[in-house]
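Those sequence lines, one after another, are chains A and B. Counting from 1, position 97 in the first sequence corresponds to residue 96 in numbering that gives the first Met the number 0; the numbering is continuous, with no gaps. Counting from 1, position 243 in the second sequence corresponds to residue 242 in numbering that gives the first Met the number 0; the numbering is continuous, with no gaps. Note that beta-carbon positions come from the ideal geometry of N, C-alpha and C, so glycine has one too. Keep in mind the model is a prediction, meaning the values are calculated, not measured. Structure first, commentary second.
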Amino acid sequence: MRLGYVWAVITKEGRDLLANRLLLGAVVFPALIFAAIPTGIVAFIEVNDLDPDQLGQIQSYLSQFPGLDPKLAAQGFIVLNFMAYFLLIPAMVPMAIATQSVIGEKTARSLEPQLATPMEVSELLVGKAISSATPAVLATWAVFLLYGFVNGAIADPALTALIFNDVWRVAMISLVPLICLLSVLLGIIVSSRVSDARAAQQIGGFIVIPIIAVAIAGFFSGQASFTMDQVLIGDLVVALLIGVALVAGNWIFEREAILTRLG
Amino acid sequence: MIEASSLGKRFGTLTAVDELSFTVGDGEIFGLLGPNGAGKTTTVRMLAGLIAPSAGSARINGLELGPQSQAIRALTGVLTESPGLHDKLTARHNLGYYGRLYGLRGATLRRAVDRYLGVVGMSAEADRRVGGFSKGMRQKVAIARALLHEPEVLYLDEPTSALDPSAAKTIRDFVATLRDAGRSIVVCTHNLDEAERLCDRIGIMRSTLLKVDTPARLRRGNGTAAVRVDLVGARRPESFLGLLAELPFVEGARTLDGSLYVEVADPRGDNPELVRALVVAGARIVGVVEEAATLEQVYLDLVGETGQRDARVGEEAA
């Protein structure tokens with residue numbers, strides 16, 4: 000693996016992304032929207048008196064926030080419960096970038112001139128994977144930090160500490176990049192089989208189902224947010240899936256196969 | 000130098016290229032002519048180290064295809080059938096990217112980009128995104144991309160398609176200078192006129208090479224050229240047939256519509272001697288014209304009509 004080639008691909012893909020306003024919007028807006036909804040609820044609770052009767056089902060979760068008054072505990076529940084969305088950003092955004100990148104190359108027939116250079120297919124794919132995953136990881140981290148500080152500023156610094164807890168720090172550092180990588184690999188694999196970016200994203204969109212399923216199951220089993228065990232098991236499962244995707248991707252992206260099937 | 004020996008490529012049950020053998024010397028332009036699906040693109044892809052041959056072998060500047068394909072790709076420039084540019088990037092950034100992939104860096108890269116944008120007449124458009132370019136402009140950038148790293152071996156697939164006559168001539172002239180600089184160049188084209196003007200030798204292929212020769216010899220077909228000699232004066236053309244039969248370089252002669260038709264092997268070498276002998280014998284010559292078949296006639300005789308099989312090969316190989 001020669002880093003010069005990988006860096007050349009990353010630079011090119013970065014320029015491509017910056018020039019593609021629609022795709023750039025797809026990186027930034029979902030993250031902001033996912034963060035804005037709970038923040039809006041926290042602000043709503045902050046400016047309105049909290050009637051414990053209005054809390055309904057949420058009330059049963061408040062005991063998970065000892066030491067916080069009911070209003071802050073309710074806000075704490077809201078910010079933590081919505082944080083599962085922070086795992087949807089790395090699942091969805093890199094796939095959008097990767098599918099656009101591969102299908103764009105197919106449409107423009109620009110894979111062949113790249114493969115005619117001394118660059119190896121693996122260097123091209125690693126460059127594409129990094130350049131597709133990095134914006135999503137950075138967007139997720141940036142919005143995570145923003146989310147923590149803005150909610151702390153709106154309500155109470157205790158919310159910032161709650162958001163930046165050990166579980167989510169580990170999730171941000173390990174699970175987010177891993178999900179990004181899996182999403183990219185799936186995006187590339189799916190893109191090799193279809194000729195339309197939206198179709199690829201729809202097929203690849205199934206990746207979000209397990210994340211939502213775990214979040215919903217956790218909610219109904221009385222969890223306000225993911226546990227450390229769930230995050231670590233998630234790391235392991237996603238890492239295994241990445242291994243499977245790499246084997247499949249290596250088979251699909253053999254130089255000759257790209258030219259005869261995709262080029 | 001390109002040396003291909005019994006190269007073959009199969010896609011499943013379909014043979015796209017079969018028993019292809021030819022050499023292209025340093026400082027030579029070799030044209031590959033053939034109908035759609037004849038295997039030209041597959042041949043170039045094999046020789047450029049993009050796909051592996053199913054049979055045979057090839058050496059490019061002494062490097063063996065297969066084990067040394069990466070090194071071969073480094074010294075090879077390929078103009079692909081489709082320009083394949085990155086639309087969101089400017090012409091300069093497109094070339095910069097490929098320059099880096101070919102190992103150019105820093106000032107060397109910037110100089111190469113500027114130089115080849117100038118060669119193809121695109122300096123003024125260097126900082127515009129190629130997505131807004133016309134087909135011809137895209138082709139020019141793709142040509143610059145193929146030349147950027149000054150490759151020793153160059154494959155050009157339809158180099159002047161989509162170019163206006165003036166730009167096409169500029170590119171042809173530049174390719175000729177590359178030949179003069181000792182590069183080995185393979186040109187795939189459907190443009191017979193271009194092949195005749197540009198190529199030192201032409202290979203007509205349909206899965207395999209049907210014929211390889213210089214354009215002039217291909218036109219002559221059987222190896223001789225018919226030279227038409229137009230005469231005026233009292234003496235009838237038939238009266239010179241006896242003289243012509245005695246000339247050692249004349250391989251046949253006849254008369255038609257008041258003119259002599261003389262078959263010679265090398266018109267450029269033989270015509271002066273032929274004219275001298277006829278004038279000495281009293282002929283009053285007003286014109287000497289080489290009557291050769293057109294390359295198109297030769298091509299059509301060899302490949303015939305494009306059949307269904309070719310179309311299938313094309314789909315599979317593309």
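- In the pairwise beta carbon analysis, the region 1-10 of chain A is classified as touching the region 86-102 of chain B: at least three pairs are separated by under 8 Å.
- The continuous beta strand (DSSP E) containing F10 of chain B extends over residues I1 to F10.
- In this model, A161 of chain B and L174 of chain A are separated by some 50 Å (Cα to Cα).
- Spatial neighbours of G130 of chain B in its own chain (CB-CB distance under 8 Å, excluding positions within 5 residues in sequence) are listed in chain order as D86 and K87.
- Boundaries cannot be given for G281 of chain B, as no beta strand (DSSP E) includes it and DSSP labels it neither H nor E.
- Around the C-beta of S109 of chain A, 16 or more other C-beta atoms lie within 10 Å, and the residue is accordingly described as buried.
- In the three-state reduction of the DSSP assignment, A57 of chain B falls in the strand class.
- Following the DSSP letters along the chain, one finds I44 of chain A inside the alpha helix (DSSP H) bounded by residues R20 to V46.
- Counting along the chain, Y146 of chain A sits inside the alpha helix (DSSP H) bounded by residues V120 to I153.
- Each of B:I284, B:V249 and B:L32 was checked against the Cα of L230 of chain B, and the nearest Cα belongs to B:I284.
- Within the region 172-213 of chain B, the runs of beta strand (DSSP E) that reach at least 3 residues and sit entirely inside it are, in chain order, 183-187, 200-205 and 207-212.
- For S100 of chain A, the enclosing alpha helix (DSSP H) has its first and last residue at Y84 to A107.
- Close partners of M118 of chain A in chain B (Cβ separation under 7 Å): L100.
- By alpha-carbon distance to S20 of chain B, the top candidate from B:R234, B:A215 and B:L208 is B:L208.
- For Y260 of chain B, the CB contacts under 6 Å within the same chain, skipping 5 residues up- and downstream, are A225, R227 and R253 in chain order.
- Per the Cβ contact rule, the region 177-194 of chain B is in contact with the region 28-38 of chain B (3 or more Cβ pairs under 8 Å).
- In terms of Cβ geometry, V249 of chain B and L243 of chain B form a close pair [threshold 7 Å].
- Taking a beta-carbon distance threshold of 7 Å, E111 of chain A counts as an interface residue toward chain B.
- The alpha-carbon separation between E245 of chain B and S238 of chain B amounts to approximately 13 Å.
- At least one CB atom of chain A sits nearer than 7 Å to the CB of T79 of chain B.
- In the displayed model, V129 of chain B falls within a helix according to three-state DSSP.
- Taking a contact to require three or more Cβ pairs closer than 8 Å, the region 113-132 of chain A and the region 59-79 of chain A do not qualify as touching.
- When secondary structure is reduced to three states using DSSP, E157 of chain B falls in the coil class, being assigned neither helix nor strand.
- Selection A:F64, A:I188, A:I241 and A:P209 evaluated against W250 of chain A yields A:I188 as nearest (Cα-Cα).
- Non-local C-beta neighbours of V92 of chain A in its own chain, meaning closer than 6 Å and more than five positions away in sequence, comprise V26 and A135, ordered along the chain.
- Contact between A37 of chain B and S5 of chain B is absent: CB atoms are separated by about 17 Å, not below the 8 Å threshold.
- Taking the beta carbon of K11 of chain A as reference, the chain B residues within 8 Å of it are H85, L88, H92 and Y96, listed in sequence order.
- Around the beta carbon of P271 of chain B, a 10 Å sphere encloses fewer than 16 other beta carbons of the protein chains shown; the residue is thus reported as exposed.
- A7 of chain A reaches chain B at Y96, R99 and L100, counting residues in chain order whose Cβ is nearer than 8 Å.
- Here D15 of chain A carries a helix assignment [DSSP, helix/strand/coil].
- The straight-line gap separating the alpha-carbon atoms of G233 of chain A and L161 of chain A is approximately 21 Å.
- For L88 of chain B, no beta strand (DSSP E) encloses it, and the DSSP letter there is neither H nor E.
- Among the residues facing chain A, Q69 of chain B is included, as its CB has a counterpart in that chain under 7 Å away.
- Any Cβ of chain B closer than 7 Å to the Cβ of A18 of chain A would place that residue at the interface, and such an atom is present.
- Rounded to the nearest whole angstrom, the CA to CA distance from T159 of chain A to R168 of chain A is 12 Å.
- Looking at the backbone, the Cα of V230 of chain A and that of A170 of chain A are separated by about 6 Å.
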